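These notes concern the structure reproduced below.
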Ligand SMILES: *Cc1c(COP(=O)(O)O)cnc(C)c1O
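If you want it as structure tokens, here you go:
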């Protein structure tokens, strides 16, 4: 039986995507060949890459607006490094907002390059909120933020107005909600949270912000190289790109980001209503910054843990243990998670309350 999969990542993908991806491994496009054994230069795969790049821009509403989409390897963590390499001028500086483990990982890499200003941090409160009221230095080469903090369960509901280029790690909420994506100059997302299997990262970059650092950039690190080579500078991760394309096609057929956003809001409301109503549970973050993707919560009385754990396991729920830095539980409700799975979890929370 298929589990109710709340894993934070790699995570659930649509069932039809799993089936089509499995089929392509056996016989891709009726070619009599597996997707895994053809050249990435074969026109069948070149078409996959072209469509994936175009569809990513289309879903974000960025077609024809000076942006390029790339599918590169190294995970979101590699972009922590590529971003300062490509955007921080020699003797320049960058501004970062510290809202969690991933944001602080990005800061560490930037510090190796040059002056890195942390404009605000919620670390002293174990990242339970998104800081506000900070100032971004006018002379920063870019401002970096993390739209959704996967581990702590917070999400930026608004973004600062600034003349500085805005760079955003959207790994765990890409394609989950409508935003004016043209306000961002560079968006990146490791695929394995909301888009596809691990092994590929989507980078969407406004081309005009590149080429300004005065720094020699090795080809493999250089966004412009990857743009010029149409995301085929070296062998791309063909399976991860193809499966990401299938997920984007699924989303497009569903009605795009606006359609999935409604479902995501309904799922989030369902779980948060129960966390707030049920006296056995409490949330870990301030309410206004709660993530629609990762809901983090604790048992008020830890002595119920054994019982609760055996109840949700028996209900076919998987992947809701919280990250070790927060403890408790984390229900990750990415695009492909059906609302029925959230209802099963909520029913178990109600059952626990009745049983005590
Ligand atoms: C998971 C995650 C990362 C790290 O992604 P990798 O692909 O493992 O490098 C970075 N940022 C956010 C917000 C994440 O959720």
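In our numbering, the protein residues as written are 1316 to 1671. Positions of the beta carbon are idealized from the N, C-alpha and C atoms, including for glycine. Note that the coordinates shown come from a computational prediction; the quantities given were computed from them, not determined experimentally.
- Look at residue 1463 here: in three-state DSSP terms it is strand.
- Closest by C-alpha distance to residue 1452, out of 1409, 1469, 1517 and 1500, is 1409.
- Residue nearest to residue 1396 within the set 1533, 1656 and 1359 is 1533 (criterion: CA-CA distance).
- Where residue 1543 is concerned, the enclosing alpha helix (DSSP H) starts and stops at 1538-1543.
- With contacts defined by Cβ atoms closer than 7 Å, residue 1359 and residue 1558 do not form a contacting pair.
- Here the stretch 1574-1588 makes no contact with the stretch 1616-1625; the two share fewer than three CB pairs at distances below 8 Å.
- Residue 1501 is classed as buried because its beta carbon has at least 16 other beta carbons within 10 Å across all chains shown.
- Here residue 1479 carries a coil assignment [DSSP, helix/strand/coil].
- Counting only the Cα atoms, residue 1536 lies some 17 Å from residue 1514.
- Any heavy atom of ligand 1 within less than 6 Å of a residue's beta carbon puts that residue on the list, which reads 1324, 1390, 1391, 1392, 1417, 1461, 1465, 1484, 1486, 1487, 1505 and 1508.
- Distance from the CA atom of residue 1371 to the CA atom of residue 1362, rounded to whole angstroms, is 14 Å.
- The beta carbons of residue 1504 and residue 1391 sit about 7 Å from each other, so the pair counts as a contact at 8 Å.
- Residue 1416 sits close to residue 1466, with the two beta carbons spaced by under 7 Å.
- Per DSSP, the beta bridge partners of residue 1505 are 1516.
- Taking 7 Å as the cut-off, the beta carbon of residue 1407 is found closer than this to the beta carbon of residue 1456.
- Checking the DSSP bridge columns, you'll see residue 1430 partnered with 1408.
- Excluding sequence positions up to five before and after residue 1652, its CB lies within less than 6 Å of the CB of 1327, all in the same chain and listed in chain order.
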